[in-house]
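To start, the structure under review is shown below, and the notes come after it.
Number of protein chains: 2
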Amino acid sequence: MKPTLQAVADAVGVSRSTVSNAYSRPDQLSSALRERILAAARQLGYPGPNPTARSLRRGFVGSIGVLFTSQLSYAFTDPFAVRFLAGVGAATERHGTSMLLVPLPRAQTDARRAVENAAVDGFCVYCVADEEWALDVIRARGLPYVSTAVPEDAAADKRFVGIDERAAARSVAAHVAGLGHRRVALLVDSVLPDAPAGPVTLAGFEHARHPTTRGRLAGFADAFAEVGVAWSELTLLNAPGNSGHAASAAVAGLFDRPEPPTAVLAGSDVLALGVLDALARRPNGTHPPVSVTGFDDVPEAAAAGLTTVRQPAQEKGRIAAELLLDPPTDAAAGHVLLPTELVVRASTGPHVRS
Amino acid sequence: MKPTLQAVADAVGVSRSTVSNAYSRPDQLSSALRERILAAARQLGYPGPNPTARSLRRGFVGSIGVLFTSQLSYAFTDPFAVRFLAGVGAATERHGTSMLLVPLPRAQTDARRAVENAAVDGFCVYCVADEEWALDVIRARGLPYVSTAVPEDAAADKRFVGIDERAAARSVAAHVAGLGHRRVALLVDSVLPDAPAGPVTLAGFEHARHPTTRGRLAGFADAFAEVGVAWSELTLLNAPGNSGHAASAAVAGLFDRPEPPTAVLAGSDVLALGVLDALARRPNGTHPPVSVTGFDDVPEAAAAGLTTVRQPAQEKGRIAAELLLDPPTDAAAGHVLLPTELVVRASTGPHVRS
DNA sequence: GATCCAGTCTGAATCGATACAGAGGGGCGT
DNA sequence: ACGCCCCTCTGTATCGATTCAGACTGGATC
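Sequences listed follow chains A and B, in order. If you count the first sequence from 1, position 185 lands on 168 in the numbering used here, and the numbers rise without skipping. If you count the second sequence from 1, position 233 lands on 216 in the numbering used here, and the numbers rise without skipping.
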């Protein structure tokens, strides 16, 4: 049997409260007695107050949860997610808090249960997918949370940190449109649930599954509408799972069609890099060369010469955690919109008539 | 006031136990009553049993801790650590467990407290530094743990997953020695506490601070001893913090010396990449070219053409977590030694007389 | 008709601590 | 000598659930 606080109290001959104070409120007892208590604890092998019991009584846990919709193991393969986590980590360690990574099982019921059972004081919701059900649970638990998606209804009680997805996407699409490209493909993660990799048809961007995707597609569409290219003229490609592999699969055969796109706008750098990879693998390349753009500007993008939109990944994580750990008193300060920047590199070039 | 289990019980007119059973042991009551209870809970906004209270009573938490000696934010910049985490994540998500990342403050007392207060059922100890104090706390708490360092005393109760550091290091050093290099520098993280970046003197590898470093230095030394190069003839370089930046700083000025080393053996890929970077920055390069080796074989190493020793990072994490989550009944199975493999790439070449 | 049993539900004990009001004693001002 | 306050320490209530032995009910068995 592991020793409890009571055991230490008995050993020293004081009350439980006093032993508790020795650990948590040293100013409440004489330092002589405190030393005596700690010595006895050491001698008994008492490892300090049980964290769970302490949390129950105190009403807080000392850790915040990070929620990913995608599998936890995928999150670590996405450089953007990793940098986001680094930001959260930096904030928590400054604050003396731990971070709990909560994997969400595929099954809805189990996933729900996972959020209900997480012992945390709040959540950073980093989701690409539809997260409403998770937010419902979090709200029911009365826990604070920060979302990384700009809420479409902008409910005043929501704290979030994010970017203007639509404007950012528009900037990179405008760059490509400005280069003269008119036959373009848009490649995004999981446009529709369970659709295989490859072309899909969607009546409009607003039918995309995830809010973030919707925003980016909207921005892409905006820029091309401006140069007279309608939504229906754009090729929409689905990549199930945000991976280079899915991207390669999605563009398979695309450039062997009669009138192939001359540019591919990807919804993330990881996807764009997958496209570059697929292009590099083609024995004879493509004529004319295909322009490719990404989104996020992960470290790998620079090395690959990928044109993309930069958003501050680590900042995003850091701010998300900080909004949670010391909430701004001013309600408006809870809504943080980060800057984005178009980064032009070698992966885009002027449209060339084939 | 958030509703408690008791509130739901009162609302339905049953006992607390029955409500508890509705959530945790559905077979203990009629499904009609269960539905009635869940409906009432929904209506009251009861989010299910409080995780902390449940943990206290049940005696387990449903999450495992991952302990890094280095700062949590650094961990995410180290590709090897990230892949390790990915492995842990994969195992936990299969098991329906969460992972708690515990940042360790610089101050010893606070760090100790952090380990004492972590609400977890066990620990994966991923440390590069001296971790004995942490293991002491974990043992005192009676929690199981898996270490990634092969324990020097191989106490039977320890579970670990790791590699034969010495043999692995020896293999890459033998490769370099076989290429004819005799004036070599060994570059490792934090050989001595608080030493600045750059050359340090050490009576022998056994005086290095961290066990992992000791093992690798030992392997390097072994290979060179075999070709008649004594420990004292090797240049030892300290890089405080396992970062490319520290590595660059450590080799600053090194190649402008009268008789510069013709090879640098780094204790990690991150350090080796930093050296390559520093070399690339030299306006006139080096004559003869310097051979550089790393350790780990992170994804970036392949792109950089770095000769290194591969160890299965993700596997290491996965196995560590699995050893924790379903402990092998056979004690011997708790000791897992992973294979390593010398990967020769372009960063090493034959010694050339200058 | 007595016995047994499976299926439901209850009540008290318990997990391991913290909070808070208050008791007791010693020093200090007047 | 008295009152007051401060410093220590104690005792009890409480955090929100789970556990487990047992009570009750209705029907099947012999």
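Quick reminder that beta carbons are idealized off the backbone N, C-alpha and C, glycines included.
Check: Going residue by residue through the segment 201 to 238 of chain A, where are the continuous alpha helix (DSSP H) segments of at least 4 residues, counting only ones entirely within it?; Outcome: 227 to 234
Check: Within the 8 Å Cβ cut-off, does Glu99/B reach chain A?; Outcome: yes
Check: Classify Ser13/B: buried if its beta carbon has 16 or more other beta carbons within 10 angstroms, exposed otherwise.; Outcome: exposed
Check: Go ahead and pull the three-state DSSP assignment for Gly70/A.; Outcome: helix
Check: Going by C-alpha distance, which of Ser130/A, Arg124/A, Tyr6/A, Pro182/A is nearest Pro194/A?; Outcome: Ser130/A
Check: Write down every uninterrupted run of the beta strand (DSSP E) in the segment 235 to 293 of chain B whose length is 3 residues or greater and which is fully enclosed by it, in chain order.; Outcome: 246 to 249, 274 to 276, 291 to 293
Check: Given Arg19/A, which residues of its chain have a CB within under 7 Å of its CB, disregarding the five upstream and five downstream residues?; Outcome: Val(-5)
Check: Is the Cβ-Cβ distance between Ala117/A and Leu50/A less than 8 Å?; Outcome: yes
Check: On the CB-based measure, 16 or more other CB atoms within 10 Å of its CB, does Ser38/A come out buried or exposed?; Outcome: buried
Check: State buried or exposed for His270/A, treating a residue as buried only when at least 16 other CB atoms are found within 10 Å of its CB.; Outcome: exposed
Check: For the segment 242 to 255 of chain A and the segment 269 to 285 of chain A, state whether three or more C-beta atom pairs, one from each stretch, are separated by less than 8 Å.; Outcome: yes
Check: Under 8 Å between C-beta atoms, does Gly79/A make it to chain B?; Outcome: yes
Check: Who are Ser81/A's beta bridge partners in DSSP?; Outcome: Ser46/A
Check: With a threshold of 16 other CB atoms inside 10 Å of the CB of Ser330/A, please say whether the residue is buried or exposed.; Outcome: buried
Check: With respect to the beta strand (DSSP E) encompassing Arg142/B, which residues constitute its N-terminal and C-terminal limits?; Outcome: 142 to 146
Check: So which residues on chain A does Ala123/B lean against when the C-beta distance must stay under 7 Å?; Outcome: Gly28, Pro30
Check: Taking the alpha-carbon of Gly105/B as reference, which of Val258/B, His158/B, Thr92/B, Leu84/B has the nearest alpha-carbon?; Outcome: Leu84/B
Check: If we ignore side chains and look at the alpha-carbon of each, how far apart do His151/B and Asp205/B end up?; Outcome: The sequence given here places Ala at residue 151/B; His does not occur at that position. If you take the alpha carbons of Ala151/B and Asp205/B, they lie about 11 Å apart.
Check: Which first and last residues belong to the beta strand (DSSP E) in which Glu18/A is found?; Outcome: Glu18/A -> not in any beta strand (DSSP E); alpha helix (DSSP H) instead, spanning 14 to 27.
Check: Using the beta-carbon of each residue, which ones in chain A are nearer than 7 Å to Lys(-15)/B?; Outcome: Gly125
Check: Which one or two residues does DSSP pair with Val183/B in a beta bridge?; Outcome: Leu219/B
Check: Tell me, to the nearest whole angstrom, how far the beta carbon of Leu217/B is from that of Leu169/B; I am working on the premise that it is less than 8 Å.; Outcome: 6 Å
Check: Does any residue of chain B bring its CB to less than 8 Å from the CB of Gly45/A?; Outcome: yes
Check: Just mark Arg265/B as buried or exposed, buried being the case when its beta carbon has 16 or more other beta carbons within 10 Å.; Outcome: exposed
Check: Compute the beta-carbon to beta-carbon distance between Leu175/A and Arg192/A, rounded to the nearest angstrom, for a pair I have assumed lies under 8 Å.; Outcome: 6 Å
Check: Are the beta-carbon atoms belonging to Gly224/B and Tyr57/B less than 8 Å from one another?; Outcome: yes
Check: List the residues that DSSP assigns as beta-bridge partners of Leu126/A.; Outcome: DSSP output for Leu126/A lists no bridge partner at all.
Check: Measure the C-alpha to C-alpha separation of Leu306/A and Pro295/A and round it to an integer number of angstroms.; Outcome: 16 Å
Check: Counting only beta-carbon separations shorter than 8 Å, does Leu83/A have a partner in chain B?; Outcome: yes
Check: Does Asn267/A pass the burial test, meaning 16 or more other C-beta atoms within 10 Å, or should it be called exposed?; Outcome: exposed
Check: What does DSSP give as the partner residues of Val357/A in its beta bridges?; Outcome: Lying before the first or after the last residue shown, residue 357/A is absent from chain A, which here runs from -16 to 337.
Check: Does Leu162/A come out as helix, strand or coil in the three-state DSSP assignment?; Outcome: coil
Check: Excluding the 5 residues preceding and the 5 following Ile146/B in the sequence, name in chain order all residues of the same chain whose CB lies nearer than 6 Å to its CB.; Outcome: Gln294, Leu321, Thr323
Check: Please classify Phe51/B: does DSSP put it in a helix, a strand, or coil?; Outcome: strand
Check: Name the one or two DSSP bridge partners that Phe106/A has.; Outcome: Gly48/A, Tyr128/A
Check: Just confirm the distance between the C-beta atoms of His190/A and Thr245/A, as a whole number of angstroms; I'd bet it's less than 8 Å.; Outcome: That belief does not hold up - the Cβ atoms of His190/A and Thr245/A are roughly 26 Å apart, past 8 Å.
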